[in-house]
Amino acid sequence: MVLKRIKLILFLSFISVTFSLKPEEIGISCQQKYKLSGEDIVEMRENRMILKDETNVNQRCFIECLMVESNMFVNGELNQEEVKKGEKELKEFYKSHGKELNLEKFDTSIQECSSKDDEGQCMKSYQMWKCLVSAMV
2 MVLKRIKLIL FLSFISVTFS LKPEEIGISC QQKYKLSGED IVEMRENRMI
52 LKDETNVNQR CFIECLMVES NMFVNGELNQ EEVKKGEKEL KEFYKSHGKE
102 LNLEKFDTSI QECSSKDDEG QCMKSYQMWK CLVSAMV
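This is the structure we're talking about:
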């Protein structure tokens with residue numbers, strides 16, 4: 002349970018340092034756009050935004066909306082530079098929790114994640130998202 006909480010904290014930290022707007026503002030806007038309930042959001046957060054049901058288009062598009070609004074996903078591509086902007090803060094966060102972020106591995110992961118692709122509405126961005134989350138934990 003403690004490891005799960007640490008992973009969630011690391012994930013939320015990554016999101017916070019990456020978003021150019023307040024995460025709450027982006028989240029509310031995207032939640033309303035894709036008509037997700039509060040329970041949906043809680044469930045998604047508990048799983049680091051990795052979906053239990055990947056066929057749920059609204060949840061996939063909610064994640065894409067977060068990525069677009071935070072400038073992580075632009076014109077159908079992962080914005081590697083924007084993702085890398087959060088590295089310093091993420092490294093400090095890891096350090097403050099007794100962990101170490103391997104920046105070289107993280108940079109390689111960002112490159113690998115940018116090549117993810119899939120068919121279906123909001124599926125490409127979701128595959129990139131899953132890749133980024135797995136690179137952080």
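Numbering-wise (the numbering used here), the sequence shown opens with residue 2 and increments by one.
Don't be surprised by glycine CBs; every beta carbon is placed ideally from N, CA and C.
**Prompt:** By Cβ distance below 8 angstroms, which residues in the same chain neighbour MET129 in space, the five residues on each side in sequence not counted?
**Reply:** Cβ within range, chain order: MET68, PHE74, LEU79, CYS114, SER115 and LYS117.
**7 angstroms Cβ shell around ALA136 - same chain, five flanking residues per side excluded** = PHE107, SER110 and CYS114
**Alpha-carbon to alpha-carbon, LYS36 and LEU91** = Distance between the alpha carbons of LEU91 and LYS36: 31 angstroms.
**CB-CB length for ASN72 against GLU83, believed under 8 angstroms** = 5 angstroms
**Item:** Cβ distance (whole Å) where GLN81 is taken to contact GLN32 below 8 angstroms
**Value:** That belief does not hold up - the Cβ atoms of GLN81 and GLN32 are roughly 27 angstroms apart, past 8 angstroms.
**Backbone CA spacing between HIS98 and SER126 [nearest angstrom]** = 29 angstroms
**Request:** Could you check what DSSP says for CYS79 in three-state terms: helix, strand or coil?
**Result:** At residue 79 the sequence reads Leu, which differs from the Cys that was named. Strand, per DSSP.
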